[in-house]
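Residue numbers (the working numbering), protein chains in the order written: chain A, 4 to 208; chain B, 4 to 208. Backbone N, C-alpha and C define an ideal beta-carbon position, used for all residues, glycine too. In this text the structure is predicted, and so the values were computed from the model without any measurement. First up is the structure itself, then whatever we jot down about it.
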């Protein structure tokens, strides 16, 4: 792509480093910004620089936070003896949206994935194990995505805390609400039969 | 969407103002930046601010440029008496890529579109008409996209320069290279028969 301006080329190149944004999309976005009042661009640039420079991670759960301890960990109404282990902050947001969990979180910051060069030492697993070692945690809920990497990560943590006095559980896998049975994959469907729940219990939720 | 950090929320909000980028995508992009070395974010922010603050538009053709007159207008090898009228800078880039045009451009900066509140006064049509009035331009090539708005814009300019000593042409419309005849829409196909070219002439290109 030939640009008539170095400034434009530079902006497009930087923009196209973002995942899922190619050169053409980057050019479209930059040209859009050029047509808008300049304050929009400056606010965007400022917000990005600020979040990158000043962002903190909660020292307890590693969730993104403006303070040293995040609002969830700080909240006295939350149960501190049950910890939900998630991959990243988006999962915290998704679970918080359901309003069905009142414990604390532990954000791993990724999942074990040898293909991407991510090992246990790149995640916050050590801090989680230390937390469990203290003995105040009664239950760990593994809430990783049901993929190969998610399962590996769950299993790795499970091995690390073996012998410690903590219960472990994993989020239920089954047919999603609104899905047709005939289009559900066999692993999920099989699992949903093995893990069936008493009908009366299912009426409560 | 509930954020655990105001800084993050702010960055996501600014990012999601870009066209085609919703809140979820914006969050994914910002979280990606947070995982990268901070220089990447700072370079992106800097490049965007710079291009917005310092960008110039060529005083002659209104193409984006780092200088007052762009490289194409400055180039002594280009034919100055033939002007290709395009909607925006991306069209200049697309036509330059074909290497088949050696004249100058005139970038309108949009197309007449009452639906979007864009009238002739929002485009650089007046400057184009002034250019033609000087009498040095022999031919105007209308190279707008073949849409209702593109056609309207072409026709508006055509009316403005009527009576002046300048030839006008429009880019050929027809079946695109590699397209199957049976899937070509009827307007295009009809046009391609009316505007047929001598077979020998078609062998040259």
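Got a sec, what are the start and stop residues for the alpha helix (DSSP H) residue 195(A) sits in?
189 to 197
Listing by chain order, which chain B residues have their CB less than 9 Å from the CB of residue 18(A)?
47, 50 and 51
On the CB-based measure, 16 or more other CB atoms within 10 Å of its CB, does residue 118(B) come out buried or exposed?
Exposed is the call here.
For residue 87(A), which beta-bridge partners are listed by DSSP?
Paired residue(s): 108(A) and 144(A).
Using beta-carbon positions only, say whether residue 11(A) and residue 33(A) come within less than 8 Å of one another.
yes
In angstroms, rounded to a whole number, what distance separates the CA positions of residue 116(A) and residue 76(B)?
53 Å
Out of 150(A), 65(A), 60(A) and 18(A), which one is the CA nearest neighbour of residue 51(A)?
18(A)
Output yes or no for whether 8 Å exceeds the beta carbon distance between residue 88(B) and residue 164(B).
no
Determine, using beta carbons only, whether residue 79(A) comes closer than 8 Å to chain B.
no
Between the segment 95 to 102 of chain A and the segment 131 to 139 of chain A, can you find at least three pairs of beta-carbon atoms closer than 8 Å?
no
Residue 139(A) and residue 84(A) closer than 8 Å at C-beta
Cβ atoms of residue 139(A) and residue 84(A): closer than 8 Å.
Unbroken stretches of the alpha helix (DSSP H), 4 residues or longer, contained in the segment 48 to 88 of chain A
74 to 77
Whole-angstrom C-beta distance between residue 8(B) and residue 69(A), which should lie under 8 Å:
5 Å
Less than 8 Å separating the beta-carbons of residue 96(A) and residue 147(B)?
no
What separation, rounded to the nearest whole angstrom, lies between the Cα atoms of residue 36(A) and residue 44(A)?
Approximately 6 Å between the Cα atoms of the pair.
Helix, strand or coil at residue 101(A) [DSSP, three-state]
helix
Between the CA atoms of residue 29(B) and residue 20(A) - distance to the nearest angstrom:
Distance between the alpha carbons of residue 20(A) and residue 29(B) is about 14 Å.
When you compare each of 153(A), 191(A) and 141(A) to residue 114(A) by their alpha carbons, which one comes out closest?
153(A)
Using a Cβ cut-off of 8 Å (strictly closer), state whether residue 2(B) contacts chain A.
Not covered by the structure: residue 2(B). The range shown for chain B is 4 to 208.
Under DSSP, the alpha helix (DSSP H) around residue 28(B) begins and ends at which residues?
26 to 38
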